[in-house]
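Participant: By this note's numbering, the letter at position 409 of the sequence shown is numbered 450, and the numbering carries on one by one without gaps.
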Amino acid sequence: MIDVVGISAAGWEALGPGERALLEGARVIVGGERHLALLPEHVAAERRTWPRPLREGLPDLLASLGQPADADSRSGAGVVALASGDPLRSGIASTLIDLLGADQVRVHPSLASDTLARARMGWSAERVEVITTVGRDLRRVLPSLAPGARLVVLLSDGSGPAELAALLTDRGWGASRVTAWWHLGGDDEGSARSRASTWELPRTPDLVLCCVEAAPDDASTDGTADESGAETTTAAALGPVPGRPEATFASDGQITKRDVRASALAHLRPADGGHLWDLGAGSGAVGIEWCLAAPRTRCTSVERDPGRAARIRATADDLGVGARLTVLTADLADGLDVVLGDGGDAAPDAVFVGGGLTEELADEAWTRLPVGGRFVAHAVTLQTEAVLVALHGRTGGALTRLSVEHARPLGRYLSWTPARPVVQLAAVRTRSGITEGEA
42 MIDVVGISAA GWEALGPGER ALLEGARVIV GGERHLALLP EHVAAERRTW
92 PRPLREGLPD LLASLGQPAD ADSRSGAGVV ALASGDPLRS GIASTLIDLL
142 GADQVRVHPS LASDTLARAR MGWSAERVEV ITTVGRDLRR VLPSLAPGAR
192 LVVLLSDGSG PAELAALLTD RGWGASRVTA WWHLGGDDEG SARSRASTWE
242 LPRTPDLVLC CVEAAPDDAS TDGTADESGA ETTTAAALGP VPGRPEATFA
292 SDGQITKRDV RASALAHLRP ADGGHLWDLG AGSGAVGIEW CLAAPRTRCT
342 SVERDPGRAA RIRATADDLG VGARLTVLTA DLADGLDVVL GDGGDAAPDA
392 VFVGGGLTEE LADEAWTRLP VGGRFVAHAV TLQTEAVLVA LHGRTGGALT
442 RLSVEHARPL GRYLSWTPAR PVVQLAAVRT RSGITEGEA
């Protein structure tokens, strides 16, 4: 059994009597050098620092803590880990629970830094999203940006506030108010505040986070149009709803157009933690929008063209969902057993087939879905349309022909210009295998 005690920058004096007793009675205390330095001299336990790299070194460390180091050790006391604030907020407690199980880890949280930050800002918990970028790509912030959004962004070090302000400014959110807080709750607590576009402090002390009040620049308040009338990408125009402008995605033209894409995602129904297989991904727009549509969603995109696969990775990173999207460069003609393996943890909650559709691929993808899993496929040729019609006979669901026309200039006037029609099959896998009614 390991007790994990959260300790704030206020140190020993801010701990409760129960937590102090745990530390005073411990045989071994494990923590970072900064946390261990907060302990008073009368705490006599052996002090051990975390291994580096942490995850790889933890099993050996934990094994060595299982027994007293020598005969003089106090075998009646246990092992206590020290962590920052709430150890389950991107902290060591989550890692220990993954390794040992929840019944072997007792967590004793103190006030987390994001809680203290909200208190300083006067923000209610219900109105704030907390995002950790510690050891992660700062672009993870981007999917959460919306006019009026309040974000608490946890940062790796003192360079984070300036980097965050630069990112916001570059993406059209320079009007956002950024407040950096460091050493919250401690004697060295401090802060700095500025619009993102006018941020001047190159570096703050470490142990820093930022509170962001998101506001788009004036030029990004609404979507704009290019000379052809097509909407171009602006920060605030993206919003949370699928069907983003084509300009959002790097593409060689092989892309599911926004109106049809919005229909596909409406049938796929992204949900918290859901996993999508995007087969024949092209630009990756469907899979990327799946990841943007709900928290903790994941996508495995399969694209045979290496250039397109590279663009999918770059776009996902650029929009802040790269960590949740896996791109496989493979030919679907080789079969899903070869391309994806037997599923395992990568098993899908939904499947979208946008390219490379064959009868074999459709059947194989359909059978990989669990009960309740959703299947959507598109066809633009007579041959692939025939595949979908035949599949519909086996799966049921909604078979729809989508035809979209856009008004475009014709001389001095406007005329309707049709896009290529798309046949869409949307089905939900049931125990019988047949979708009853609309998907």
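Yeah, the Cβ is synthetic: ideal placement off N, Cα and C, and Gly gets one too. Computed from a predicted structure; not experimentally measured.
DSSP three-state label for R178, please.
Facilitator: Position 137 of the sequence shown holds residue 178. Correcting the residue type first, residue 178 is Asp in the shown sequence and not Arg. D178 falls in the coil class under three-state DSSP.
Participant: According to DSSP, is H447 part of a helix, a strand, or is it coil?
Facilitator: On the sequence shown, residue 447 is found 406 positions in, with the first residue counted as 1. Annotated three-state conformation of H447 is strand, per DSSP.
Participant: Measuring CB to CB, does Q145 end up less than 8 Å from I48?
Facilitator: By 1-based counting over the sequence shown, the position of residue 145 is 104. By 1-based counting over the sequence shown, the position of residue 48 is 7. Not in contact: Q145 and I48 (Cβ atoms no closer than 8 Å).
Participant: Cα-Cα, which of R159, R177, G176, D178 is closest to V169?
Facilitator: Position 128 of the sequence shown holds residue 169. For V169, the nearest C-alpha among the options comes from R159.
Participant: Let's test the definition: count the other Cβ atoms within 10 Å of the Cβ of Q424 and tell me whether it reaches 16, buried, or not, exposed.
Facilitator: As a first step, residue 424 is located in the sequence shown; it is residue number 383 there, counting from the start. Counting Cβ neighbours within 10 Å, Q424 comes out exposed, since fewer than 16 surround it.
Participant: CB L309 to CB I329, shorter than 8 Å?
Facilitator: Counting from 1 along the sequence shown, the entry for residue 309 is found at position 268. Counting from 1 along the sequence shown, the entry for residue 329 is found at position 288. No, the pair does not count as a contact, with Cβ atoms beyond the cut-off.
Participant: L451: buried (16+ other C-beta within 10 angstroms of its C-beta) or exposed?
Facilitator: Along the sequence shown, one-based indexing puts residue 451 at 410. Its Cβ having fewer than 16 others within 10 Å, L451 is exposed.
Participant: Between the stretch 429 to 444 and the stretch 454 to 473, are three or more C-beta pairs nearer than 8 Å?
Facilitator: Output reads yes: the stretch 454 to 473 touches the stretch 429 to 444.
Participant: Contact between the stretch 424 to 433 and the stretch 362 to 372: three or more CB pairs below 8 Å?
Facilitator: no
Participant: Which residue comes first and which comes last in the beta strand (DSSP E) that contains E65?
Facilitator: Counted from its first residue, the sequence shown places residue 65 at position 24. First-last for E65: 58 to 65, but that is the alpha helix (DSSP H), not the beta strand (DSSP E).
Participant: Considering W222, what are the terminal residues of the alpha helix (DSSP H) in which it resides?
Facilitator: What you label residue 222 is simply residue 181 of the sequence shown in a count that begins at 1. Looking at the DSSP string, W222 is not in any alpha helix (DSSP H); the run it does join, the beta strand (DSSP E), is 218 to 223.
Participant: Could you have a look at V282 and say whether DSSP puts it in helix, strand or coil?
Facilitator: Here the question's residue 282 lines up with position 241 in the sequence shown. The DSSP-derived three-state label of V282 is coil.
Participant: I need the boundaries of the alpha helix (DSSP H) containing I43, first residue and last residue.
Facilitator: Walking along the sequence shown from the start, residue 43 turns up at place 2. Premise fails: I43 lies in the beta strand (DSSP E), 43 to 48, not in any alpha helix (DSSP H).
Participant: How close, in whole Å, do the beta carbons of V45 and A122 come, if the pair is a contact with beta carbons under 8 Å?
Facilitator: In the sequence shown, counting from the first residue as 1, residue 45 sits at position 4. In the sequence shown, counting from the first residue as 1, residue 122 sits at position 81. Going by Cβ atoms, the distance from V45 to A122 rounds to 5 Å, so yes, they are a contact pair.
Participant: I'd like to know whether the C-beta of L179 is nearer than 8 Å to at least one C-beta of chain D.
Facilitator: Protein chains in the displayed structure number just one, and chain D is not present.
Participant: Below 8 Å, how does it come out for the stretch 230 to 249 and the stretch 180 to 188: are there three or more Cβ pairs, yes or no?
Facilitator: no
Participant: So, at 6 Å on beta carbons, what are the nonlocal neighbours of T173 in its own chain, with the 5 sequence-adjacent residues on each side left out?
Facilitator: Counting from one through the sequence shown, the residue named residue 173 turns up at place 132. For T173, where only same-chain residues beyond five positions count, the Cβ hits under 6 Å are S131, L195.
Participant: What is the DSSP secondary structure of P202, counted as helix, strand or coil?
Facilitator: Numbered from 1 along the sequence shown, position 161 holds the residue referred to as residue 202. Residue state, collapsed to three classes: helix.
Participant: Could you pull out every residue in the same chain whose Cβ sits closer than 6 Å to the Cβ of W223, ignoring the five residues on either side in sequence?
Facilitator: Translated into the one-based positions of the sequence shown, residue 223 becomes position 182. If you ignore the 5 residues before and after W223, its C-beta comes within less than 6 Å of the C-beta of G231, T245, P246, L248, V249, all in its own chain and listed in chain order.
Participant: In whole angstroms, what is the alpha-carbon distance linking D113 and R68?
Facilitator: The residue given as residue 113 occupies position 72 in the sequence shown. The residue given as residue 68 occupies position 27 in the sequence shown. Per-residue confidence for D113 stands at a pLDDT of 45, beneath the threshold of 50, marking its modelled position as unreliable; the derived number appears in the next sentence. Each residue's alpha carbon lies about 10 Å from the other.
Participant: Should A221 and C251 be called a contact, given that it needs their Cβ atoms to be closer than 8 Å?
Facilitator: In the sequence shown, residue 221 corresponds to position 180, counting from 1. In the sequence shown, residue 251 corresponds to position 210, counting from 1. Yes, the Cβ-Cβ distance between A221 and C251 is below 8 Å.
Participant: Can you tell me the Cα-Cα spacing of R470 and R409, whole angstroms?
Facilitator: Taking the first residue of the sequence shown as 1, we reach residue 470 at position 429. Taking the first residue of the sequence shown as 1, we reach residue 409 at position 368. Distance between the alpha carbons of R470 and R409: 10 Å.
Participant: Quick one: measure Cβ to Cβ for W318 and A406, integer angstroms, because I've assumed they're closer than 8 Å.
Facilitator: By one-based count along the sequence shown, residue 318 stands at place 277. By one-based count along the sequence shown, residue 406 stands at place 365. Yes, they are in contact, since the Cβ atoms of W318 and A406 sit about 7 Å apart, within 8 Å.
Participant: Could you check the C-alpha separation between A322 and T338 for me, to the nearest Å?
Facilitator: Translated into positions along the sequence shown, residue 322 becomes position 281. Translated into positions along the sequence shown, residue 338 becomes position 297. As the crow flies, the alpha-carbon of A322 is around 17 Å from that of T338.
Participant: Three-state secondary structure (DSSP) at R442?
Facilitator: Taking the first residue of the sequence shown as position 1, residue 442 is located at position 401. Three-state DSSP puts R442 in a strand.
Participant: Buried or exposed: which applies to R349, given that a residue is buried once 16 or more other Cβ atoms fall within 10 Å of its Cβ?
Facilitator: Taking the first residue of the sequence shown as position 1, residue 349 is located at position 308. With 16 or more other Cβ atoms within 10 Å, it is buried.
Participant: List the endpoints of the continuous alpha helix (DSSP H) containing E74.
Facilitator: Translated into positions along the sequence shown, residue 74 becomes position 33. Its alpha helix (DSSP H) spans residues 74 to 77.
Participant: Between which two residues does the beta strand (DSSP E) carrying V193 extend?
Facilitator: Indexing the sequence shown from 1 puts residue 193 at position 152. Taken as a continuous stretch (DSSP letters only), the beta strand (DSSP E) holding V193 covers 191 to 195.
Participant: Less than 8 Å between the C-beta atoms of P336 and L306, yes or no?
Facilitator: Your numbering for residue 336 matches position 295 in the sequence shown. Your numbering for residue 306 matches position 265 in the sequence shown. It is not a contact, given that the beta carbons lie outside the stated cut-off.
Participant: Which residue comes first and which comes last in the beta strand (DSSP E) that contains E344?
Facilitator: Residue 344 sits at position 303 when you count from the first residue of the sequence shown. From DSSP, the beta strand (DSSP E) with E344 extends over 339 to 344.
Participant: Would you decide whether G485 is buried or exposed? Buried here means 16 or more other CB atoms lie within 10 Å of its CB.
Facilitator: This structure does not reach residue 485, given that the chain is present from 42 up to 480, and the question cannot be answered.
Participant: Start and end of the alpha helix (DSSP H) containing Q465?
Facilitator: Taking the sequence shown and counting its residues from 1, one reaches residue 465 at position 424. From DSSP, Q465 is part of no alpha helix (DSSP H) but of the beta strand (DSSP E) over 463 to 469.
Participant: Please name the residue in L99, P202, A166 whose C-alpha comes closest to that of S138.
Facilitator: Residue 138 sits at position 97 when you count from the first residue of the sequence shown. It is Ile, not Ser, that sits at residue 138 in the sequence shown. Nearest of L99, P202, A166 to I138, Cα basis: L99.
Participant: Between which two residues does the beta strand (DSSP E) containing A233 stretch?
Facilitator: Residue mapping note: residue 233 aligns to position 192 of the sequence shown, counting from 1. It spans 231 to 236 - the beta strand (DSSP E) in which A233 sits, taken as one unbroken run.
Participant: Mind checking whether E427 and A467 have CB atoms under 8 Å apart?
Facilitator: For the purposes of this step, residue 427 is taken as the residue at position 386 of the sequence shown. For the purposes of this step, residue 467 is taken as the residue at position 426 of the sequence shown. The question names Glu, yet the displayed sequence has Ala at residue 427. No, the pair does not count as a contact, with Cβ atoms beyond the cut-off.
Participant: Taking Cβ to Cβ, would you say P202 is nearer than 8 Å to V175?
Facilitator: Along the sequence shown, read from residue 1 onward, the residue named residue 202 stands at position 161. Along the sequence shown, read from residue 1 onward, the residue named residue 175 stands at position 134. No, Cβ-Cβ distance for P202 and V175 is not below 8 Å.
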